[in-house]
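> Take this structure first; my questions come after.
Protein chains: 2
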Amino acid sequence: MTREDYQHRIEQFLDSVPLSSSSFISSSQLHEAMRYSALGGGKRVRPLLVYATGEALKINVDLLDLPAAAIELIHAYSLIHDDLPSMDDDALRRGKPTTHIAFDEATAILAGDALQTLAFQLLSNPVQGICAENQLKILNILAIASGPDGMVKGQSIDLAAVGKQLTEDELEIMHNHKTGALITASVEMATYCMETKEQANSEEIVKKRRSLTEYSQAIGLAFQVRDDILDIQSDTETLGKQQGSDIAAGKPTYPSIMGMSATKEKLFNLNKKALDSLIDFGEEADSLREIASFIVKRIA
Amino acid sequence: MTREDYQHRIEQFLDSVPLSSSSFISSSQLHEAMRYSALGGGKRVRPLLVYATGEALKINVDLLDLPAAAIELIHAYSLIHDDLPSMDDDALRRGKPTTHIAFDEATAILAGDALQTLAFQLLSNPVQGICAENQLKILNILAIASGPDGMVKGQSIDLAAVGKQLTEDELEIMHNHKTGALITASVEMATYCMETKEQANSEEIVKKRRSLTEYSQAIGLAFQVRDDILDIQSDTETLGKQQGSDIAAGKPTYPSIMGMSATKEKLFNLNKKALDSLIDFGEEADSLREIASFIVKRIA
């Protein structure tokens, strides 16, 4: 399937998730805020990675919808909370007012909280075709990647880094937590979408998982490097968020640390590293290769 | 074991949980805020219910630590977020400054986020003595109870209800979500802490689970009714939070809807209902009975 096919698939799947039953007084406000934040927009990079990894391992696509949706819900929750006034204080996201602007701050916090819970709820429902051990592993990967040693830690470092001069290594540690952890989790979760524990831990899959993890680490960082370039070279309308906002907020970026030319070279090298990691795969990994190119070349 | 034994046990267990590894710049700030909010205080009612339910079903206490800790982490996260300026705007909790006062708002939001994730992370680690199917079920119970159809929905209703006149039924729906869902989940999670799926779904356990759920629903509501009474009759120092804050915030309470005398009668009836639900249990349910009395008589 093409990238557009998968984007369409996850859009429809997310739309079908009962984001919350609406009843009594205005809990429908919560419901609306959850849908507003999770639906209708975004590149869906993390679900794309789940599906493309599934393709590379010839996994039935139906088994991938729940992990793809769960990780996108975690991403959506993190965006809502990151945009809050006490955090990055952003007014625009995906070309629309951020959730706390479109609704209010309390509703935005609650909608983020609820989207996080919903991700784990989805992954803990029994499913056909994935054993309970593998399901627990998938859930554990997502929890570790998004929690206090993963994404949340990255955001915490990010807030503390405002106005500071970081080294390239420090910047990389920040991004590896803030963005990289979920990108790697997308790939790793997909490698456990199998019927038995033995399949998921077979020699063949363990070897492939290692290559896929390397791939994901390279594109995770490439994604952020490209983001930093776009923050300078793109415009607000194309980005769907405020152009130049990182620099305006005094956040360290690759161009500010190493200059634009070295930043572009770094991006090129990360792309090469990602493709090299897939050397043992045939055309079944073409979707993963396409995502790597997309991340490097994307304009928004 | 006594209530104090269990309170001590959960305190020590929570203290041993790696709330987040600390390294690099100030993610130790996040770590400190998580510990500040989760440790050293609170009645630990939800963990007590996990342990006491385990006693009633003669479950090995070692199997109960993780669910007990996970549900307390969810409770701790909800308190941090509920106290935020855009929500209930409370400055005092458990006799200490609330997390956003002791740290800052961004750190409080992130610490809450991370505590929620950590709860699911703990429950998705493989454990000896509980099969993966039962673990998934335990996790699913917690997710449903705390998410957009449970606790978060309750908080959303609560915010929308400020300054409105609710009926007794409406108030009950609010509390059943906001507080009741997690109290019931504490009891239900414990009933799945078993080696096999067959044990957890045996006729005997299914029947007992039904009685225990009835018990938990009665004490969940009793807990809130007692809270409303204390909000009027206690004082700030004893409560560890601002006395009269519900009334000051224009929140509907049982005494404001039905008067103090009828509220006390309601509390008495709920306590009776809780004890009646345990009629088929012997002395192995004495801890549950003691918790019911504690909830009705507590002064803070």
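Protein chains in written order, with the numbering used here: chain B, 5 to 304; chain W, 5 to 304. The beta-carbon is built from N, C-alpha and C at its ideal position, and this holds for glycine as well. These figures come from a predicted structure and were not determined experimentally.
(1) Could you check what DSSP says for P101(W) in three-state terms: helix, strand or coil?
(2) When Cβ atoms are compared, which residues of the stretch 165-192 of chain B fall closer than 9 Å to chain C?
(3) Put S27(B) into one of helix, strand or coil per three-state DSSP.
(4) Shorter than 8 Å from the beta carbon of F17(B) to some beta carbon of chain W?
(5) Looking at C-beta atoms only, is the number of pairs between the stretch 159-172 of chain B and the stretch 254-262 of chain B that lie closer than 8 Å three or more?
(6) Tell me whether L114(B) sits in a helix, a strand or coil according to DSSP, three-state version.
(7) Under 7 Å between beta-carbons, which chain W residues line up against H85(B)? List them in chain order, please.
(8) Quick test of your reading: I75(B) and R98(B), contact by CB under 8 Å. State the CB separation rounded to the nearest angstrom.
(9) Within 8 Å (strictly less), CB to CB, does G151(W) reach chain B?
(10) DSSP puts L96(B) in a beta bridge; with which residues?
(11) Return yes when the Cβ of G248(W) is within less than 8 Å of the Cβ of L122(B), no when it is not.
(12) Got a sec: is the Cβ-Cβ distance from A136(B) to anything in chain W below 8 Å?
(13) If you drop the 5 nearest sequence neighbours on each side, which residues of the same chain put their C-beta closer than 7 Å to that of H181(B)?
(14) For the alpha helix (DSSP H) containing V156(B), name the first residue and the last one.
(15) Ends of the alpha helix (DSSP H) at H380(B)?
(16) Take T2(B) as the anchor and find which of R230(B), I142(B), E202(B), E199(B) has the nearest alpha-carbon.
(17) Under the three-state reduction of DSSP, which class applies to P71(W): helix, strand or coil?
(18) So, using beta-carbon positions, are L53(B) and R7(B) closer together than 8 Å?
(19) Assuming L88(B) and E109(B) form a contact by the criterion Cβ under 8 Å, report the distance between their Cβ atoms to the nearest whole angstrom.
(20) Distance check for K268(W) and A37(B), CA to CA, integer angstroms please.
(21) Helix, strand or coil for L88(B) per DSSP?
(22) Spatial neighbours of L70(W) within its chain, please: CB distance less than 7 Å, with the 5 preceding and 5 following residues excluded, ordered by chain position.
(23) Taking buried to mean at least 16 other C-beta atoms within 10 Å of its own C-beta, is D284(W) buried or exposed?
(24) Suppose the cutoff is 7 Å on Cβ atoms and the five residues either side in sequence are ignored; what does the same chain contact list for A296(B) look like?
(25) So, M193(W) versus I145(W), is the Cβ gap smaller than 8 Å?
(26) Just by C-beta distance, which residues in the stretch 220-245 of chain W are closer than 9 Å to chain B?
(27) Once the 5 residues before and after F17(B) are set aside, which same chain residues still bring their CB inside 8 Å of it?
(28) Do E288(B) and E137(B) have their beta-carbon atoms positioned less than 8 Å apart in this structure?
(29) Please confirm if K157(W) has its CB atom under 8 Å from at least one CB of chain B.
(30) Between the alpha carbons of L234(W) and N273(W), how many angstroms are there, rounded?
(31) Start and end of the alpha helix (DSSP H) containing M264(B)?
(32) Please report the residue range of the alpha helix (DSSP H) in which K150(B) lies.
(33) Shortest alpha-carbon distance to E241(B) belongs to which of M5(B), K100(B), M91(B), V191(B)?
(34) When you compare each of D19(B), Y40(B), Y55(B), H35(B) to M5(B) by their alpha carbons, which one comes out closest?
(35) If we define contact as Cβ-Cβ less than 8 Å, is A110(W) a contact residue for chain B?
(36) Quick check on V131(W): does DSSP put it in helix, strand or coil?
By the coordinates alone:
(1) Three-state DSSP puts P101(W) in a strand.
(2) Among the protein chains of the structure shown, namely B and W, there is no chain C.
(3) Summary for S27(B): the model assigns pLDDT 44, below 50, so the residue's position carries little reliability, and this model does not support an answer.
(4) At a cut-off of 8 Å between beta carbons, F17(B) makes no contact with chain W.
(5) When Cβ pairs closer than 8 Å are counted between the two stretches, the stretch 159-172 of chain B is seen to touch the stretch 254-262 of chain B, the count reaching three or more.
(6) Looking at L114(B) - three-state DSSP - the assignment turns out to be helix.
(7) The contact set of H85(B) on chain W, defined by CB atoms closer than 7 Å, consists of I113, D117 in chain order.
(8) Not confirmed; about 17 Å, so no contact.
(9) Residue-level contact check: G151(W) touches chain B, since one or more beta carbons of chain B fall below 8 Å from its beta carbon.
(10) Its beta-bridge partners are P101(B).
(11) Contact flag unset, no.
(12) Yes, because at least one Cβ of chain W sits closer than 8 Å to the Cβ of A136(B).
(13) Excluding positions up to five away in sequence, the list reads G154, M155, K157, G158, I161.
(14) Start and end: 155-165.
(15) As shown, chain B starts at 5 and ends at 304. That puts residue 380(B) outside it, with no answer to give.
(16) Because chain B here runs from 5 to 304, residue 2(B) falls outside it and cannot be looked at.
(17) For P71(W), the three-state secondary structure derived from DSSP is helix.
(18) Between L53(B) and R7(B), the gap from beta carbon to beta carbon reaches 8 Å or more.
(19) For a cut-off of 8 Å, the C-beta gap from L88(B) to E109(B) is around 7 Å, short enough to register as a contact.
(20) Looking at the two C-alpha atoms, the distance is approximately 38 Å.
(21) Coil at L88(B), not helix or strand.
(22) Apart from sequence neighbours up to five positions away, the residues of its chain that approach L70(W) with a beta-carbon distance below 7 Å are L126, L127, V131, ordered along the chain.
(23) Residue environment for D284(W): exposed (fewer than 16 other C-beta atoms within 10 angstroms of its C-beta).
(24) Contacts found: I223, N275, A278, L279.
(25) Cβ distance < 8 Å, so M193(W) and I145(W) count as in contact.
(26) Of all residues in the stretch 220-245 of chain W, none comes within less than 9 Å of chain B when Cβ atoms are compared.
(27) The residues D69, A72, A73, in chain order, have a CB closer than 8 Å to that of F17(B) in the same chain once the five nearest residues on each side in sequence are set aside.
(28) No, Cβ-Cβ distance for E137(B) and E288(B) is not below 8 Å.
(29) It does: the Cβ of K157(W) has a partner Cβ on chain B nearer than 8 Å.
(30) For L234(W) and N273(W), the distance between alpha carbons rounds to 18 Å.
(31) Unbroken alpha helix (DSSP H) run through M264(B): 264-281.
(32) Reading off the sequence shown, one finds Ser at residue 150(B), where the question assumed Lys. Counting along the chain, the alpha helix (DSSP H) containing S150(B) begins and ends at 136-150.
(33) Out of M5(B), K100(B), M91(B), V191(B), K100(B) has the C-alpha closest to the C-alpha of E241(B).
(34) Checked all of D19(B), Y40(B), Y55(B), H35(B); the closest Cα to M5(B) is Y55(B).
(35) By this cut-off, A110(W) is an interface position.
(36) Three-state result, V131(W): coil.
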